[in-house]
Structures are given as C-alpha cells and as structure tokens.
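Here the structure is laid out as structure tokens; the discussion comes afterwards.
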C-alpha cells in the first residue's frame, strides 16, 4: 500500500503528538548529563533537578528584596502590557478596518497610507517611542499597537471587501442605511474574523513586548530573561521561555474556543 | 399595483454597448421572465432595475416616477447566491427588514415591537415552509431552503417589485418544481410586479405571464462592441395566469388584451 494511505487510528492519534515532546526532553536530559560529566558546574544545560529548583525559587518563593513572587509579578506586568496593546490595536483596526473596507471614499483616501504605514519596521521606531513617551508603560504598549494594528487593519479591510456585493445590495433593498449595514451586516460578520486576526498577531505582539522589555523595563517576562542572561542563568531562562510559550499557546487556544462559542455560524459559513 | 417603463435605455461600459435602445412597458402585477444566452445583458438589465447600475442613456420609470439612484425598499431582490446573511438564524434573517425600518439607530427591535415582528416573520416562514428550521443558520440549510428563506426575507418589507436573478438556477429539478409552486402562489397572493432573469426556458414559461428574450443583434465584424443586446422577442404566455383578485390577466405593456 502507498504510505499516504496509512492512517493512524484513534489511539495512535493521541500518542503520536507526544513523541516529539518526549524526544526533545530526552535529548536535553542526555546533553545535560554528558556536559555535567565533563564539568559538574556547567550552566549551559542545567539538569532537571536544578531546573526544578529554579522554578521553585521564581514561581513559589517570594523574592528576598521585593517580597514578591518574581514569576507572577513578571507575568502580571507582561500580560497587562500585552493586553493593553492588543486591546488598542483591536479597537483601531475595528474602527478603521470596517469603515475603510466598506466606504469607497475612505478606501481610496486611506488604504495606500495604511499600506505604507504597515511597512515601517516597528522596532526601528522604538527609540522614537522611548524619546516621546519615556521609558514607562506607554512606549511599550504603543510599540505593540504600532507593530500589529496596521496589519490587523489591512486584514480586516480586505475581509470586509470580501463580503459579496449581493449581501450589501440585499441589505439596501431591505431598507438599511449605511450605519445599519455597518452595525447589523458587516460588523457581526467581521467579529470572528477579527479573532482570527488577533490570533495571527499574537506572535508579533509577544515579539514586540519582549523586545521593549529587554531594552528598558523593571519587570516583565522579557526583562527577566535578559537580566538572567547576564548571569548565564539558564535554569531560570529556560522555564521562562517555556512559560511564555505556554501562555501564548493558551491564549491562542482560548481565542479559538471563544470564536466557536460566540459565533457558532462561522465554522460552517467559512467552509462554503 | 406597479408599472415599470424603460424608455430608450442604453448601457455602455467604456465604449462597449451592453444594452441598446431598450423600450419596455411592464404592466401592473406582471410576471416578466427574461431569457437569453449568457452575456446578453440580462443581468445588467436587472441591475439597472435595482439601481446597482445607472443607465448611460434613457430613463426608467416606476409608476411614472424616475427610478431612485440607489436600491430602495420598494424593490426586493433574490439572487442566485449570497442572498441571505450567514451570521443570522433563519428567523433573524426574516425579521431584519422590520428591524431596519423600526429602529434607525440600533437596527434592532426589542420587547413588544420585536414580538410583533417575530409573529409576522413566523407567518412568512410558515408560508414558505421553513417553520421547523427557524433557529438554524443558512449554512445548515439546503440550497432550496436557502432560496425559500431569501424569498421570505425579501417579502417581509412588502416590496412593490420583486427582482429575481436566476434564483432557482442552482437547484435540483424536484426541488425546483416545489419552489416554482411557491413562487406562483406568492405572486398571486401579493400585488407585486415580478421581473425574473433565468436561463431556463421552461421555467420562464411556467412562471411568467410574459417572456422577453434578450439577444445581441448580428454584429458588425469591424465594431463588435458597438452593438448591444436588446429585446428580440416579447411573448405573452398562454394560458394567462389569473390572480384571484385580478381577473383581467396582466398583459404586455399597457394593453389589457392582445
């Protein structure tokens, strides 16, 4: 039989995805053991025991200096920035994307401008943001917004333009005004697509968050990682990276679940 | 009771003539079926009636008044596809017309007004045989059911004119026969004038009181774009279809008998 015809059964479908993870952990453990044989003080690949110890220190014991549990205060700081950035980016893309997508005059007026705006490398304007907004929270949130809002706006405007002309004509023959079409026909159909757009932007949002925290911050997951780099503290950095990955994965999962729950019509309508 | 009058209507795109010298009088409560080969301007004809396109020359009058420049609630439409809103349930799709009229700012009705609109929509859904599906989303319906829904949705605003753009073209023959029955019944029960574009000749004669064929005239080989389509045949369908309250069957133009 051809290889492409072999299909995993139910049990295999549950077990197979675990294999790459197990392999990765095994490979890491092996490497760690080998390095510790040569040098018991090796910091590059800390053993599982010292990783667990570091996790206990940062995630469960209060910091001696501040009295806070470092991982949680970092997480709270980072998620606040990320949440604020995503919120404003979503708001901007919703207002601008919907109107630019629906109204031909605004489309002609603004879409080239947005296209150019989205080509500015956000990290290149980070110094400007630090100069203008200072080193506080504002500049970090603005960086996330600048980084993802143009993309999300363009994406949404394109999705609006994809609405079949028939639907808009039909709404007009039912007596709808422009505002009513925006409110009852276009916006509700764009909500699940907006969630898609946020999901796609999450990776970029984390990138800009960590970049800005690495450069100037006093707390945050990115700040901690770059701080620990000075001490070669891989036993802290690695759990932090895993934690960030988990957070990103969970937020993506939650958004997808939210989409299915709030917009039951979307999955089927998308197939057609 | 609505008359439609095309007076020497031309439609050109960038020097390409699509419709030429179209002069048609459509009697009140007529069911006009428009047939013709692909690309002969049938759909353009319907679009001008919808105000989706403006004629390059000539005038279109509805009840003696110039056609408004944008689609209005007097002219309902059912397209072959995308006529219903995928994010609304069957019932919500039908109520929508009432909500647009009843709530300028929110476009949504609540409380007593909503109950009243719901009753009206439910009656229409019963009429088209979709009561059992009223909580479903359009993507969960078959093609025939979607078109029934599109009809109910268009009719809730009581349009004076109903425009149909190959509405039953994608349906299976058996389902088509059922929906034809429904269409004739709806036409008889209301007073609307119907214009239907179709590529199915038997459908045209089955439903229409009058059949128009659109064709491009034999073209000049040198200037193929300079000749548009126009009405080449204009037939009254026999036997005349009678609406119960309208014994004089609608005929061509303003004439009452031929």
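Chains as they are written, first to last, in my numbering: chain A, 960 to 1231; chain B, 118 to 375.
Ideal Cβ placement from N, Cα and C applies to all residues, glycine included.
Just the C-alpha distance for residue i and residue j, rounded to the nearest angstrom, thanks.
i: residue 246 of chain B; j: residue 259 of chain B; result: 13 Å
i: residue 965 of chain A; j: residue 978 of chain A; result: 18 Å
i: residue 88 of chain B; j: residue 173 of chain B; result: Summary: the structure shown does not reach residue 88 of chain B, with chain B confined to residues 118 through 375, and so no result is reported for it.
i: residue 1219 of chain A; j: residue 141 of chain B; result: 51 Å
i: residue 1212 of chain A; j: residue 1162 of chain A; result: 13 Å
i: residue 330 of chain B; j: residue 235 of chain B; result: 40 Å
i: residue 181 of chain B; j: residue 167 of chain B; result: 16 Å
i: residue 257 of chain B; j: residue 1067 of chain A; result: 37 Å
i: residue 334 of chain B; j: residue 292 of chain B; result: 36 Å
i: residue 1155 of chain A; j: residue 1119 of chain A; result: 14 Å
i: residue 372 of chain B; j: residue 354 of chain B; result: Model confidence at residue 372 of chain B stands at a pLDDT of 43, short of 50, so the residue's coordinates are unreliable; what they give is reported in the following sentence. When rounded, the distance between both Cα atoms is 15 Å.
i: residue 1055 of chain A; j: residue 1112 of chain A; result: 6 Å
i: residue 989 of chain A; j: residue 1207 of chain A; result: 28 Å
i: residue 307 of chain B; j: residue 226 of chain B; result: 26 Å
i: residue 986 of chain A; j: residue 1221 of chain A; result: 42 Å
i: residue 133 of chain B; j: residue 340 of chain B; result: 10 Å
i: residue 378 of chain B; j: residue 139 of chain B; result: Chain B is shown from 118 up to 375; residue 378 of chain B falls before or after that span and cannot be answered.
i: residue 1079 of chain A; j: residue 1106 of chain A; result: 9 Å
i: residue 1000 of chain A; j: residue 1070 of chain A; result: 58 Å
i: residue 1025 of chain A; j: residue 1086 of chain A; result: 30 Å
i: residue 199 of chain B; j: residue 285 of chain B; result: 13 Å
i: residue 996 of chain A; j: residue 1022 of chain A; result: 32 Å
i: residue 1045 of chain A; j: residue 1101 of chain A; result: 10 Å
i: residue 175 of chain B; j: residue 126 of chain B; result: 4 Å
What residues match up with residue i in a beta bridge as DSSP calls it?
i: residue 327 of chain B; result: B:149 and B:353
i: residue 127 of chain B; result: B:174
i: residue 122 of chain B; result: B:142 and B:178
i: residue 193 of chain B; result: B:279
i: residue 347 of chain B; result: B:332
i: residue 183 of chain B; result: B:178
i: residue 134 of chain B; result: B:129
In or out: residue i buried (at least 16 other Cβ within 10 Å) or exposed?
i: residue 207 of chain B; result: buried
i: residue 1205 of chain A; result: exposed
i: residue 962 of chain A; result: exposed
i: residue 254 of chain B; result: buried
i: residue 1177 of chain A; result: exposed
i: residue 222 of chain B; result: exposed
i: residue 1031 of chain A; result: exposed
i: residue 1015 of chain A; result: exposed
i: residue 1064 of chain A; result: exposed
i: residue 163 of chain B; result: buried
i: residue 321 of chain B; result: buried
i: residue 1074 of chain A; result: exposed
i: residue 183 of chain B; result: exposed
i: residue 123 of chain B; result: buried
i: residue 252 of chain B; result: exposed
i: residue 302 of chain B; result: exposed
i: residue 1190 of chain A; result: exposed
i: residue 981 of chain A; result: exposed
Starting from residue i, follow the beta strand (DSSP E) in both directions and report where the run begins and ends.
i: residue 313 of chain B; result: 310-314
Got a sec, what are the start and stop residues for the alpha helix (DSSP H) residue i sits in?
i: residue 1070 of chain A; result: 1063-1076
i: residue 209 of chain B; result: 207-219
i: residue 994 of chain A; result: 977-997
i: residue 1191 of chain A; result: Taken as a continuous stretch (DSSP letters only), residue 1191 of chain A belongs to no alpha helix (DSSP H), as it is neither H nor E.
i: residue 1167 of chain A; result: 1146-1174
i: residue 245 of chain B; result: 228-245
i: residue 334 of chain B; result: Neither: residue 334 of chain B is in no alpha helix (DSSP H) and is coded neither H nor E.
i: residue 1128 of chain A; result: 1124-1132
i: residue 300 of chain B; result: 290-306
i: residue 1084 of chain A; result: From DSSP, residue 1084 of chain A is part of no alpha helix (DSSP H); its letter is neither H nor E.
i: residue 1110 of chain A; result: 1096-1120
i: residue 263 of chain B; result: 260-272
i: residue 1012 of chain A; result: 1007-1019
i: residue 166 of chain B; result: 159-167
i: residue 970 of chain A; result: 969-974
Am I right that residue i and residue j are in contact with their C-beta atoms under 8 Å? What's the rounded C-beta distance?
i: residue 314 of chain B; j: residue 304 of chain B; result: With a Cβ gap of about 16 Å, residue 314 of chain B and residue 304 of chain B do not count as contacting.
i: residue 1008 of chain A; j: residue 1051 of chain A; result: Not confirmed; about 48 Å, so no contact.
i: residue 188 of chain B; j: residue 1097 of chain A; result: In fact, because the Cβ distance is near 47 Å, the residues do not count as touching under 8 Å.
i: residue 1195 of chain A; j: residue 1187 of chain A; result: 5 Å
i: residue 202 of chain B; j: residue 1144 of chain A; result: 6 Å
i: residue 271 of chain B; j: residue 194 of chain B; result: 6 Å
i: residue 449 of chain B; j: residue 277 of chain B; result: Nothing can be reported for residue 449 of chain B, as the shown portion of chain B is limited to 118 through 375.
i: residue 269 of chain B; j: residue 241 of chain B; result: 4 Å
i: residue 224 of chain B; j: residue 1148 of chain A; result: So it is not a contact: roughly 14 Å between Cβ atoms.
### Message
By the 9 Å beta-carbon criterion, what residues does the region 1013-1027 of chain A contribute toward chain C?
### Response
The question asks about chain C, but that chain is absent: this structure's protein chains are A and B.
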